[in-house]
Amino acid sequence: MAKVTDMVLWDKPGEKVILLGNQAIARGALEANIAVFAAYPGTPSSELTDTMAMVAKKAGVYMEYSTNEKVAFETALSAAWSGLRAMTAMKHVGLNVAADTFMSAVGMGVEGGFVIMVADDPSMWSSQNEQDTRVYAKFANVPVLEPSDPMEAKEMTKYSFELSEKFKHFVILRTTTRTSHARGDIVLGELPEEIKQGKRKFGNFKKDPSRFVDIPANSRRFHPQILEKIEKIREELNECPFNWIEGDESAKVGIIAPGLAYSYVKEALHWLGVENVKILKLGTPFPVPYGLLEKFLDGLEKVLIVEELEPVVEEQVKTWAYDKGLKIPIHGKDLVPRVYEMTTRRAVEAIAKFLGLETPVNFEELDEKYEKVKGMVPPRPPSLCPACPHRNTFYAIKKAATPRAIFPSDIGCYTLGVLPPLKAVDTTVAMGGSIGVAHGLSIALNGSVAEDEHKTGKEKKVIVATIGDSTFFHTGLPALANAIYNRSNVLIVVVDNLVTAMTGDQPNPGTGDTPHGPGKQIKIEEVAKALGADFVEVVDPYDIKATVETMKRALQVEGVSVVVTRRVCALHRIGELRRARIQWPIYQVNEEKCTGCKICINAYGCPAIYWDAETGKAKIDELMCWGCGGCAQICPFDAFEKVREGEI
Numbered sequence: 001m002a003k004v005t006d007m008v009l010w011d012k013p014g015e016k017v018i019l020l021g022n023q024a025i026a027r028g029a030l031e032a033n034i035a036v037f038a039a040y041p042g043t044p045s046s047e048l049t050d051t052m053a054m055v056a057k058k059a060g061v062y063m064e065y066s067t068n069e070k071v072a073f074e075t076a077l078s079a080a081w082s083g084l085r086a087m088t089a090m091k092h093v094g095l096n097v098a099a100d101t102f103m104s105a106v107g108m109g110v111e112g113g114f115v116i117m118v119a120d121d122p123s124m125w126s127s128q129n130e131q132d133t134r135v136y137a138k139f140a141n142v143p144v145l146e147p148s149d150p151m152e153a154k155e156m157t158k159y160s161f162e163l164s165e166k167f168k169h170f171v172i173l174r175t176t177t178r179t180s181h182a183r184g185d186i187v188l189g190e191l192p193e194e195i196k197q198g199k200r201k202f203g204n205f206k207k208d209p210s211r212f213v214d215i216p217a218n219s220r221r222f223h224p225q226i227l228e229k230i231e232k233i234r235e236e237l238n239e240c241p242f243n244w245i246e247g248d249e250s251a252k253v254g255i256i257a258p259g260l261a262y263s264y265v266k267e268a269l270h271w272l273g274v275e276n277v278k279i280l281k282l283g284t285p286f287p288v289p290y291g292l293l294e295k296f297l298d299g300l301e302k303v304l305i306v307e308e309l310e311p312v313v314e315e316q317v318k319t320w321a322y323d324k325g326l327k328i329p330i331h332g333k334d335l336v337p338r339v340y341e342m343t344t345r346r347a348v349e350a351i352a353k354f355l356g357l358e359t360p361v362n363f364e365e366l367d368e369k370y371e372k373v374k375g376m377v378p379p380r381p382p383s384l385c386p387a388c389p390h391r392n393t394f395y396a397i398k399k400a401a402t403p404r405a406i407f408p409s410d411i412g413c414y415t416l417g418v419l420p421p422l423k424a425v426d427t428t429v430a431m432g433g434s435i436g437v438a439h440g441l442s443i444a445l446n447g448s449v450a451e452d453e454h455k456t457g458k459e460k461k462v463i464v465a466t467i468g469d470s471t472f473f474h475t476g477l478p479a480l481a482n483a484i485y486n487r488s489n490v491l492i493v494v495v496d497n498l499v500t501a502m503t504g505d506q507p508n509p510g511t512g513d514t515p516h517g518p519g520k521q522i523k524i525e526e527v528a529k530a531l532g533a534d535f536v537e538v539v540d541p542y543d544i545k546a547t548v549e550t551m552k553r554a555l556q557v558e559g560v561s562v563v564v565t566r567r568v569c570a571l572h573r574i575g576e577l578r579r580a581r582i583q584w585p586i587y588q589v590n591e592e593k594c595t596g597c598k599i600c601i602n603a604y605g606c607p608a609i610y611w612d613a614e615t616g617k618a619k620i621d622e623l624m625c626w627g628c629g630g631c632a633q634i635c636p637f638d639a640f641e642k643v644r645e646g647e648i
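Each residue of the sequence shown is one higher than the one before, counting from 1 in UniProt numbering.
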């Protein structure tokens, strides 16, 4: 069976393959002759980045895992300034990180096509909010293309590069979780000769300070130019191949559906058995092409706009209709929820209300039945993996710190430390926020060490921040510099599992690996020392006693302490051992020694350990045990014993 990475590079025009939406976008970028791709991984965009990493060298594309989205954006933007086709990818909150450059540089334009792929996450399946990227685009006057399925995602990627190059303007390719993670039939197109030959492309940057230096004198000139350009793009999109009108021309009711909502609308209409409806399928939710809109609205008596999240299309349509003096009732967020992702049910209910029809299914009755049975289904909360080094780190922090300690944390696997029994996460806001919040709490509760009046000893509130290795390099560095400079009184624990684990084991500066060849490894502890931290040590979290003792010593320091707990991600390690056919240790419970104290369950919480109600003893599921030995270290009665040797 062919690998996905092979199929993405196949030189077989017309061949049909099955790819994820994200993988289809990677193929589209290759067919568009992309030269540079830079990104920071973030779900639901990660598969695009990883696919590009795996094929880039063969295709002659420069690809990098950047330290954060702003840096990735600037890397790709500079390539586009140099006449190369470039792309960056991120999740929706990643655009917040890149927003400074995004908003400031849009007026400068580009020479080569520049596509910004942003994957939104309605319903927040793996995110801290569900912001709508189209609002950012409208704010910045950057056009948005939004595919309705994986095949369209591939074709839109190519069109986005062409549109960007034609108008020398940024273009956003916006997906959602469903589009990025859906699989579909993809018809392969032609690959450029340079991609087939793996020929690396180089650009040429022409100096022009009046364009590339963003001082007020230049910016004042940019703004009206941006507004003029977006209206020209609006005109262009009247002929965009991803916008069309379909359905009964004599229909008196119409539905406007951008992006993936179009697929839900089609399914809902089929389910409702409705045919006499005219549909405006929009692949470009911003800017809405007014020429096509005018043609669509002709003869209609009422309109429904079905879109996920914010009323971006609705506001444009209503504004245009008002300015034109049209009296057509236009419905949108009065019938379609503004929160959470679109579903077929939501589309059915909205269209049924709009048309005055009964839904084909009594959804309220289904909801009532669900409420009755959901309590019978065992809950399956997320959990840190068996043998996860973060579990040992959190356990050690709780042992070393006082019960009243405050625990700011960050974005990553380790955010799961908020759950019982660990309960070692009190705040999580955004990437790198753990250190900034810890510093702020220290100033508010203890005062700066530099101040004459600041709390010490037993009066001091203990604040322990946790941050991952990739996040440390992403946005932790400025916050750490700030805390050290302003003489904070905190312990910062960097949980270094030697990969960017949560998004798929991508490399980061702490690993030194890159897709284009050996990079230079940057040691977190050396960075902390160079910044002037008052205490810096590295410890193996699999040695719980040493980790606890290190934490205790760090907490005695007046100032900023940094402890790096370094042990490779357990899931990553087990994958490597399986591929190498190497076994790992396994533990079991000696029932004669086990007293049933439940410390292993109530304080440690490894998912491989469970309670046997019949015997009143703890037990280990051998299929889940990955042999870290943490249970043997925390049991006061030595009830956990190794029953199989292996590599840790």
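For glycine and all other residues, C-beta sits at the position ideal for the given N, C-alpha and C. Source: prediction; values computed, not measured.
Give me the Cα-Cα distance between THR500 and CYS600, rounded to the nearest whole angstrom.
Here residue 500 refers to the residue found at position 500 when the sequence shown is read from its first residue. Here residue 600 refers to the residue found at position 600 when the sequence shown is read from its first residue. Distance from the CA of THR500 to the CA of CYS600, rounded to the nearest whole angstrom, comes to 28 Å.
Bridge partners - LEU280, DSSP secondary structure assignment:
Taking the sequence shown and counting its residues from 1, the one referred to as residue 280 is at position 280. Note: LEU280 sits in a beta bridge opposite ILE245 and ILE256.
If you follow the alpha helix (DSSP H) that LEU577 is in, where does it begin and where does it stop?
Within the sequence shown, numbered from 1, the residue matching residue 577 stands at position 577. Here the alpha helix (DSSP H) through LEU577 covers 570 to 579.
Per DSSP, cross-strand counterpart(s) of VAL538:
What you label residue 538 is simply residue 538 of the sequence shown in a count that begins at 1. According to DSSP, residue pairing for VAL538 in a beta bridge involves VAL564.
From this set, ASN218, THR175 and VAL373, which residue's C-alpha is nearest MET108's C-alpha?
Here the question's residue 108 lines up with position 108 in the sequence shown. In terms of CA proximity to MET108, ASN218 leads the group ASN218, THR175 and VAL373.
Closest by C-alpha distance to VAL437, when choosing among VAL490, TRP125 and MET63:
Mapped onto the sequence shown, residue 437 falls at position 437. The residue from VAL490, TRP125 and MET63 with its alpha-carbon nearest to that of VAL437 is VAL490.
Would you kindly check if the distance between the Cβ of ILE463 and the Cβ of VAL562 is under 9 Å?
Residue numbering aside, residue 562 sits at position 562 when the sequence shown is read from its first letter. Residue numbering aside, residue 463 sits at position 463 when the sequence shown is read from its first letter. At the C-beta level, VAL562 and ILE463 stay beyond 9 Å of one another.
As a quick exercise: from ILE397, LEU416 and PRO360, pick the residue whose alpha carbon is nearest that of PRO382.
Here residue 382 corresponds to residue number 382 of the sequence shown, with the count starting at 1. It is LEU416 whose Cα lies nearest to the Cα of PRO382.
Measuring CA to CA, which of VAL538, VAL303, ILE484 and VAL418 is closest to ALA530?
If you number the sequence shown from 1, residue 530 lands on position 530. Of the candidates VAL538, VAL303, ILE484 and VAL418, the one whose C-alpha sits nearest the C-alpha of ALA530 is ILE484.
Euclidean distance between Cα positions of LEU227 and GLU165
Residue 227 sits at position 227 when you count from the first residue of the sequence shown. Residue 165 sits at position 165 when you count from the first residue of the sequence shown. C-alpha separation (whole angstroms): 17 Å.
Could you have a look at MET103 and say whether DSSP puts it in helix, strand or coil?
Here residue 103 is taken as the residue at index 103 of the sequence shown, counted from 1. Looking at MET103 - three-state DSSP - the assignment turns out to be helix.
Taking the beta strand (DSSP E) that PHE640 belongs to, which residues open and close that run?
Working through the sequence shown from its first residue, we reach residue 640 at position 640. From DSSP, the beta strand (DSSP E) with PHE640 extends over 640 to 644.
Alpha carbon to alpha carbon, how far is PHE473 from SER434?
Within the sequence shown, numbered from 1, the residue matching residue 473 stands at position 473. Within the sequence shown, numbered from 1, the residue matching residue 434 stands at position 434. Roughly 13 Å between the two C-alpha positions.
Considering only residues of the same chain and omitting the five flanking positions on each side of PRO209, which have a CB-CB separation below 7 Å?
The residue labelled residue 209 in the question sits at position 209 within the sequence shown. For PRO209, there are no CB contacts under 7 Å within the same chain when 5 residues up- and downstream are skipped.
Mind reading off the beta-carbon distance from GLY21 to THR179? Whole number of angstroms is fine, and I expect it under 8 Å.
One-based indexing of the sequence shown puts residue 21 at position 21. One-based indexing of the sequence shown puts residue 179 at position 179. With a contact defined as Cβ atoms closer than 8 Å, GLY21 and THR179 qualify at about 5 Å.
Limits of the alpha helix (DSSP H) - the one that GLU64 falls within
Counting from one through the sequence shown, the residue named residue 64 turns up at place 64. Per DSSP, GLU64 belongs to no alpha helix (DSSP H); it is in the beta strand (DSSP E), 62 to 65.
Selection from ASN96, LEU191, THR565 and MET103 that minimises the alpha carbon distance to VAL118:
What you label residue 118 is simply residue 118 of the sequence shown in a count that begins at 1. Answer by Cα proximity: ASN96.
Measuring only the C-alpha atoms, how far is ALA24 from SER78?
Locating residue 24 in the sequence shown gives position 24, counting from the first residue. Locating residue 78 in the sequence shown gives position 78, counting from the first residue. Distance between the alpha carbons of ALA24 and SER78 is about 25 Å.
Closest to PHE242 by CA distance: which of GLU647, LYS154 and ASP638 is it?
Sequence index remark: in the sequence shown, residue 242 carries index 242 (1-based). Residue LYS154 is the option with its Cα nearest to PHE242.
Between the stretch 502 to 516 and the stretch 582 to 595, are three or more C-beta pairs nearer than 8 Å?
Proximity of the stretch 502 to 516 to the stretch 582 to 595 falls short of the contact definition, fewer than three beta-carbon pairs being nearer than 8 Å.
Per DSSP, which one or two residues make a beta bridge with ARG183?
Residue 183 sits at position 183 when you count from the first residue of the sequence shown. Beta-bridge analysis with DSSP links ARG183 to LEU20.
Hey, LEU309 and ARG338 are a contact pair by Cβ (cut 8 Å); roughly how many whole angstroms apart?
For the purposes of this step, residue 309 is taken as the residue at position 309 of the sequence shown. For the purposes of this step, residue 338 is taken as the residue at position 338 of the sequence shown. Rounded, the Cβ-Cβ distance is 7 Å, consistent with contact.
Nearest to GLU239 by CA position, among ILE255, GLY291 and SER250, is which residue?
As a position in the sequence shown, residue 239 is number 239, starting the count at 1. Selection ILE255, GLY291 and SER250 evaluated against GLU239 yields GLY291 as nearest (Cα-Cα).
State the DSSP-derived secondary structure class of GLN633, mapped to helix, strand or coil.
Taking the sequence shown and counting its residues from 1, one reaches residue 633 at position 633. GLN633: helix per DSSP, three-state reduction.
Within a Cβ cutoff of 6 Å, which residues of the same chain sit near ALA39, ignoring the five residues on either side of it in sequence?
Stepping through the sequence shown from its first residue, residue 39 is reached at position 39. Excluding residues within five positions, the ones whose Cβ falls inside 6 Å are THR49, ALA72, THR88 and ALA89.
Looking at the secondary structure, which residues open and close the beta strand (DSSP E) in which ASP612 lies?
Translated into positions along the sequence shown, residue 612 becomes position 612. 609 to 612 is the extent of the beta strand (DSSP E) around ASP612.
Nearest to ILE328 by CA position, among MET342, LEU293 and LYS353, is which residue?
As a first step, residue 328 must be located in the sequence shown, where it is residue number 328. Looking at MET342, LEU293 and LYS353, the one whose alpha-carbon comes closest to that of ILE328 is LEU293.
PHE170 and ILE116 closer than 9 Å at C-beta
Start at 1 with the first residue of the sequence shown, and residue 170 comes out as number 170. Start at 1 with the first residue of the sequence shown, and residue 116 comes out as number 116. The beta carbons of PHE170 and ILE116 sit closer together than 9 Å.
Straight-line gap, CYS388 to GLY375 (C-alpha atoms, nearest Å)
Here residue 388 is taken as the residue at index 388 of the sequence shown, counted from 1. Here residue 375 is taken as the residue at index 375 of the sequence shown, counted from 1. When rounded, the separation of the alpha-carbon atoms in CYS388 and GLY375 is 30 Å.
Taking buried to mean at least 16 other C-beta atoms within 10 Å of its own C-beta, is PRO420 buried or exposed?
As a working note, residue 420 is residue 420 in the sequence shown. Exposed: under 16 other Cβ atoms inside 10 Å.
Report, in whole angstroms, the separation of the C-beta atoms of LEU480 and LYS461, which I expect to be a contact under 8 Å.
Taking the first residue of the sequence shown as 1, we reach residue 480 at position 480. Taking the first residue of the sequence shown as 1, we reach residue 461 at position 461. Contact between LEU480 and LYS461 is ruled out by a C-beta separation of about 20 Å, above the 8 Å threshold.
Excluding the five sequence neighbours on either side, which residues of its own chain have a C-beta within less than 7 Å of the C-beta of GLY94, listed in chain order?
For the purposes of this step, residue 94 is identified with residue 94 of the sequence shown, where counting begins at 1. Hits under 7 Å: TYR40, GLY42 and GLU69.
Straight-line CA distance for LEU260 to ASP121?
Against the sequence shown, residue 260 aligns to sequence position 260. Against the sequence shown, residue 121 aligns to sequence position 121. Using only the alpha carbons, I get a separation of about 13 Å.
How would you label PRO478, buried or exposed, when you count the other beta carbons within 10 angstroms and need 16 or more for buried?
On the sequence shown, position 478 is the one that residue 478 refers to. Exposed, since its Cβ has fewer than 16 Cβ neighbours within 10 Å.
Among the candidates LEU282, ALA450 and LYS369, whose CA atom is the shortest distance from the CA of residue 653?
The question about residue 653 has no answer, for the chain in this structure spans 1 to 648.
Taking Cβ to Cβ, would you say ASP410 is nearer than 9 Å to GLY468?
As a working note, residue 410 is residue 410 in the sequence shown. As a working note, residue 468 is residue 468 in the sequence shown. Going by C-beta atoms, ASP410 is nearer than 9 Å to GLY468.
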